[in-house]
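S.K.:
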Amino acid sequence: MGNTFSILVSSRKCIHKMQENVRLYGYEHRLASMRPLDIGIHEMHLNAEYTSERLLYEGRRAIEEDGAEVLILGCAAIYGFHQKMQDLLGVPVIDAVLAPFKYAEFLAELAQRFHWYPSRKWGNESPPPSEIKEWGLFNNREDFI
Numbered sequence: 001m002g003n004t005f006s007i008l009v010s011s012r013k014c015i016h017k018m019q020e021n022v023r024l025y026g027y028e029h030r031l032a033s034m035r036p037l038d039i040g041i042h043e044m045h046l047n048a049e050y051t052s053e054r055l056l057y058e059g060r061r062a063i064e065e066d067g068a069e070v071l072i073l074g075c076a077a078i079y080g081f082h083q084k085m086q087d088l089l090g091v092p093v094i095d096a097v098l099a100p101f102k103y104a105e106f107l108a109e110l111a112q113r114f115h116w117y118p119s120r121k122w123g124n125e126s127p128p129p130s131e132i133k134e135w136g137l138f139n140n141r142e143d144f145i
């Protein structure tokens, strides 16, 4: 989608954990910036107009000042703002709520259409039935209903 990205987060306190995740997944070299909105999660949808203004302002700064080619909305509470931002800023804007659902749909389609499933060899192999029984994981079936 782009060579660099910026993540827009609700507050500064989220930045450290987000940076840790970016490093963990090996994308640190593509991270242009982390930009806090400084809005409490509860207030985001109470004043959607203000939230939209802050998102556009910080998104524009991430693009123009930090060189971001893609913006990621790094908080589930920012759900629903991506389309307007994308239209006005002219870059892909990834919604952290929608993206995982689309990924799950993609994996389901691979399974249905091509019969591609996770490998069960070696590291992904199920434990033997005797171990599963010994662990008692499924003794109380009501836990799974």
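Each step along the sequence shown adds one to the number in our numbering, with nothing skipped, and position 66 is 66.
All C-beta atoms, glycine included, are put in the ideal place defined by N, C-alpha and C.
Please determine if the region 64-78 and the region 102-111 are in contact, where contact requires at least 3 C-beta pairs separated by less than 8 Å.
M.R.: Taking 8 Å as the limit for Cβ pairs, the verdict is that the region 102-111 does not touch the region 64-78.
S.K.: Are there 16 or more other CB atoms within 10 angstroms of the CB of S130, so buried, or fewer, so exposed?
M.R.: Its Cβ having fewer than 16 others within 10 Å, S130 is exposed.
S.K.: Which residue's Cα is closest to the Cα of D38: Y27, H29, L8, I63?
M.R.: The shortest Cα separation from D38 among Y27, H29, L8, I63 belongs to L8.
S.K.: Compute the distance between the beta-carbons of S6 and A96, then report whether it is under 8 Å.
M.R.: It is not a contact, given that the beta carbons lie outside the stated cut-off.
S.K.: How about N47 and R30: do their beta carbons lie closer than 8 Å?
M.R.: It is not a contact, given that the beta carbons lie outside the stated cut-off.
S.K.: Identify the residues that DSSP records as bridge partners of P36: which are they?
M.R.: Answer is V9.
S.K.: What are the partner residues of V91, as DSSP defines its beta bridges?
M.R.: DSSP output for V91 lists no bridge partner at all.
S.K.: If you follow the beta strand (DSSP E) that I72 is part of, which residue opens it and which one closes it?
M.R.: Per DSSP, I72 belongs to the beta strand (DSSP E) from 70-73.
S.K.: With R113 as the anchor, note down where its alpha helix (DSSP H) starts and where it stops.
M.R.: 98-114 is the span of the alpha helix (DSSP H), which, as asked, contains R113.
S.K.: Expressed to the nearest angstrom, what Euclidean distance is found between the alpha-carbon atoms of A161 and E134?
M.R.: No statement about residue 161 is possible, as the shown extent of the chain runs from 1 to 145 and does not include it.
S.K.: Which partner residues of L55 appear in the DSSP bridge assignment?
M.R.: None; L55 has no bridge partner.
S.K.: Since R35 contacts R60 with CB under 8 Å, what's their CB separation in whole angstroms?
M.R.: The Cβ separation is near 10 Å, so there is no contact.
S.K.: Can you tell me where the alpha helix (DSSP H) with K121 in it begins and where it stops?
M.R.: Here K121 belongs to no alpha helix (DSSP H), and DSSP marks it neither H nor E.
S.K.: Counting C-beta neighbours from all protein chains within 10 Å, is the total for R54 16 or more, i.e. buried, or is it exposed?
M.R.: Flag for R54 reads buried.
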